[in-house]
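S.K.: Okay, so the sequence shown: first residue is 1 according to the numbering used here, each after it adds one.
Don't be surprised by glycine CBs; every beta carbon is placed ideally from N, CA and C.
This is the structure I want to talk about, given as C-alpha cells.
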Amino acid sequence: MRVSITGLTLLFILMLLSACSSNVDYTPDEIVKTEKSVTAIKRIDDYQIRLKTNLVNEQTAQLLRFQAGLRYVGSESKIEIMHGFDIHRIDLQIDDQSILPPSSSESIAIPTLLTKNEWLEENMELSMNEDQFERMIKSDGDIVLYSYYFEDGRTKVENMTRALSIKMSDIFQ
C-alpha cells in the first residue's frame, strides 16, 4: 500500500511540474520527415519519448492523429514504471501557453514492465476547431507531447517533466 501512496504522490507532482515548467527544453534530439509523416524523438535519462504524426493540410488538420511512444534504453533488460491511465498527453501551445481547455487525468499508479529497446505505443487523436487551427498556423504553434511516468524511488525530481514538441509548420503541407 505504501508504494501506491508514494506512486500517487509522485505522479501528482510530476503532472504539476510539467504543467507549469517553462524552463524545460522540449526540443527533440531527432526529427525525421518523410513524404507522409513526421517523427520526433527525445532522450531523457534512460528513456526515449517519440511522437509520430502524418503530415496535414487545410482539409485534414482539424483532426490530428498521433502515435506516442516510450522506450527504455538503460542498462537493465527490463524495468517497471508507474503511470496513470494515460502515459502521454498532447497539448497545443502558442508562446508556451496552451490553447486547449483544461484537462484532467486519473492519478492512479498502474505498473507497466518495459523491455529494453522496445517501444510502448499509444495512439491518440486531437481535434481542433477552426479558430485553433488558424491560430496554430499563423503563430507556428507547438504540438507538445508530455509523458507521465516514474520509476518508484528512482525518478530524479529535476527530470520529472518529460516532453518534446514539434512546430505546426513541421507537419503542415
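Return the first residue and the last residue of the alpha helix (DSSP H) that I137 is part of.
M.R.: E130 to S139
S.K.: Could you tell me the distance, in whole angstroms, from the CA atom of F150 to the CA atom of E30?
M.R.: 23 Å
S.K.: Taking 8 Å as the cut-off, does the stretch 35–44 touch the stretch 86–97 (at least 3 CB pairs, one atom from each stretch)?
M.R.: no
S.K.: Alpha carbon to alpha carbon, how far is Y72 from I117? Give it in angstroms, no decimals.
M.R.: According to the sequence as given, residue 117 is Asn; it is not Ile. Going by the C-alpha atoms only, they are around 6 Å apart.
S.K.: If you follow the beta strand (DSSP E) that I31 is part of, which residue opens it and which one closes it?
M.R.: E30 to K33
S.K.: Buried or exposed, going by whether 16 or more other CB atoms sit within 10 Å of the CB of R65?
M.R.: exposed
S.K.: As a quick exercise: from V56, L114 and T53, pick the residue whose alpha carbon is nearest that of I79.
M.R.: L114
S.K.: DSSP beta-bridge partners for I87?
M.R.: DSSP output for I87 lists no bridge partner at all.
S.K.: Measure from the C-beta of D86 to each C-beta in chain E and report whether the shortest distance is under 8 Å.
M.R.: The structure shown contains no chain E, having only a single protein chain.
S.K.: Measuring alpha carbon to alpha carbon, tell me which of G84, Q173, K138 and Y146 ends up nearest I49.
M.R.: Y146
S.K.: Using the three-state DSSP reduction, which class does D170 fall into: helix, strand or coil?
M.R.: helix
S.K.: Short of 7 Å in beta carbon distance, which residues of its chain neighbour D46, apart from the five on each side in sequence? Order them along the chain.
M.R.: Y72, V73 and G74
S.K.: Flag this pair as yes or no: are the beta carbons of E121 and Q67 separated by less than 8 Å?
M.R.: yes
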